[in-house]
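Below: one structure, written as structure tokens.
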Amino acid sequence: MAKPLQVEVYNPNGKYRVVSTKSMPGTRWINLLVDQDCRLEICTEKKTILSVEDIISLIGNKCDGVIGQLTEDWGEKLFSALSRAGGTAFSNMAVGYNNVDVDAANKHGVAVGNTPGVLTETTAELAASLSLAAARRIVEADEFMRAGLYDGWLPHLFVGNLLKGQTVGVIGAGRIGSAYARMMVEGFKMNLIYYDLYQSTRLEKFVTAYGQFLQANGEQPVTWKRASSMDEVLREADVISLHPVLDKTTYHLVNKERLAKMKKEAILVNCSRGPVIDEVALVEHLKQNPMFRVGLDVFEDEPYMKPGLEKMKNAIIVPHIASASKWTREGMATLAALNVLGKIKGYPIWGDPNNVAPFLNENSPPPAACPSIVNSKALGLPVSKL
Ligand SMILES: NC(=O)C1=CN([C@@H]2O[C@H](COP(=O)(O)OP(=O)(O)OC[C@H]3O[C@@H](n4cnc5c(N)ncnc54)[C@H](O)[C@@H]3O)[C@@H](O)[C@H]2O)C=CC1
Ligand SMILES: O=C(O)C(=O)CO
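Per the numbering used here, the very first residue in the sequence shown carries number 3; after that it's consecutive.
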């Protein structure tokens, strides 16, 4: 028989058994569960990605809910194991839930939580950082300094792109895409072109108002355009950032043909999910177009990269850290725990997953609601009137 995975147990005599497949930042989430009569078991095994079998062994024979991670494959096997153990609640510690088979969860009557909102600005800030780092070749220049190659200022040394007055393109102007667009428009006075299935009226109003403000101050106004196709963004933008959800409509959204439509000196940033880009085609495009640059936080086969990407000087690559600020990660842990706790306690679903601030105030108890359950309608769960 396989050795049981190591766990840390809080409140051993608690009425409800909740499992967290990973240790998560902060202590508020732990206290919230323990104070509400949960026995919490946190897996402390030194293995980055747990297998389905590992998680089945953590669930055991009696488990009310699980807090899991985006690296785990939450499908039929795990939801049936959770439901057999009496569980009705699962939450990803992430806003994206492409690792979750929601139909399987529905079949077993398990609520699926996610953590929107708390990571919007943090993730947008990383996309902005990658955009700047790519435009100004910061990683290449840093490597050059550390290699002791700097022997004096030169007119051609690490010349990059000026963002001011250029066009930023956003594909997927939801919470994070809109926050990124605002940063680039307001911070660097870039014009905006965006593509989304839905109109982002708030974003459009923001850019219009900012353009009027600039004009009133004697400066060149910024402009916006909602593109009628994604290709329009690819053709016109100088910096393009990808922020859609990953689903069948966005798998390999950026492929060989689409890369060829982009400007030769464009910058492409991806802080959404790796499979949104065909990474093999991207490596080839980077090889053929040395002035084209990318900033990548996510990869097609995480944690691996497609061969050759690691050698490309025109690629900046970071390990899926876009939501990694202390405040955000602690908040994600809190929201994930409250999704699971709320379902176990029979609380209704919070009415506006875009406004999760009341759950994050450390100085007051959170509302008696589940912050964000993606399959609440399918399960017929009631909506909070708070
Ligand atoms: N790298 C990281 O650490 C992080 C990655 N993410 C990823 O970012 C994604 C977006 O997060 P939010 O902005 O909070 O979600 P959101 O739901 O507010 O925004 C997604 C937007 O994509 C649009 N969209 C969907 N299909 C599309 C298509 N085919 N073409 C164009 N637009 C399309 C939607 O209409 C929506 O406006 C998450 O699903 C997650 O995968 C989120 C947080 C951190
Ligand atoms: O929340 C997500 O979807 C992430 O990728 C990690 O923050």
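Beta carbons are placed, not taken as given, at the ideal position from N, Cα and C, and that holds for glycine.
Check: Where leucine 156 falls, given that 16 or more other Cβ within 10 Å makes a residue buried; Outcome: exposed
Check: Burial state of arginine 41 (16 or more Cβ within 10 Å); Outcome: buried
Check: Any non-hydrogen atom of ligand 4 closer than 7 Å to cysteine 273 Cβ; Outcome: Absence of ligand 4 is noted for the structure shown, with ligand 1 and ligand 2 being the only ligands found.
Check: Which of helix, strand or coil DSSP assigns to leucine 42; Outcome: strand
Check: Reduced DSSP secondary structure (H/G/I, E/B, other) of glutamate 234; Outcome: helix
Check: Beta-carbon gap between valine 342 and glycine 67 smaller than 8 Å; Outcome: yes
Check: C-beta contact flag for serine 325 and threonine 50 at 8 Å; Outcome: no
Check: Any 3 or more C-beta pairs closer than 8 Å across the region 305-315 and the region 108-123; Outcome: no
Check: contact_flag[the region 215-224, the region 187-202] where n(CB pairs < 8 Å) is 3 or more; Outcome: yes
Check: Buried or exposed (CB count within 10 angstroms, at least 16 for buried), asparagine 63; Outcome: exposed
Check: Below 5 Å from a heavy atom of ligand 2 - residues by beta-carbon; Outcome: Ala96, Val97, Gly98 and Ser325
Check: Reference isoleucine 69; option with closest CA among Ile32, Asp105, Glu78 and Lys17; Outcome: Ile32
Check: Whole-number beta carbon distance between arginine 204 and serine 180, since they are thought to touch under 8 Å; Outcome: 7 Å
Check: Sequence-distant residues of the same chain with beta carbon closer than 7 Å to glycine 344, five excluded per side; Outcome: Ala371 and Cys372
Check: Identity of the residues DSSP links to aspartate 303 by a beta bridge; Outcome: Tyr306
Check: Spatial distance of glutamate 105 from tyrosine 99 (CA atoms); Outcome: Residue 105 is actually aspartate in this sequence, not glutamate. For aspartate 105 and tyrosine 99, the distance between alpha carbons rounds to 12 Å.
Check: Outcome for asparagine 94 when other beta-carbon atoms lying within 10 angstroms are tallied against a minimum of 16; Outcome: buried
Check: Same chain, Cβ closer than 6 Å to isoleucine 61, five either side skipped, listed in chain order; Outcome: Ala83, Leu84 and Ala87
Check: Asparagine 365 - DSSP class collapsed to helix/strand/coil; Outcome: coil
Check: beta-carbon threonine 122 near ligand 1 non-hydrogen atom, thresh 7 Å; Outcome: yes
Check: For lysine 227: DSSP bridge partner residues; Outcome: Ile195
Check: Distance CB(alanine 175)-CB(cysteine 273) smaller than 8 Å; Outcome: no
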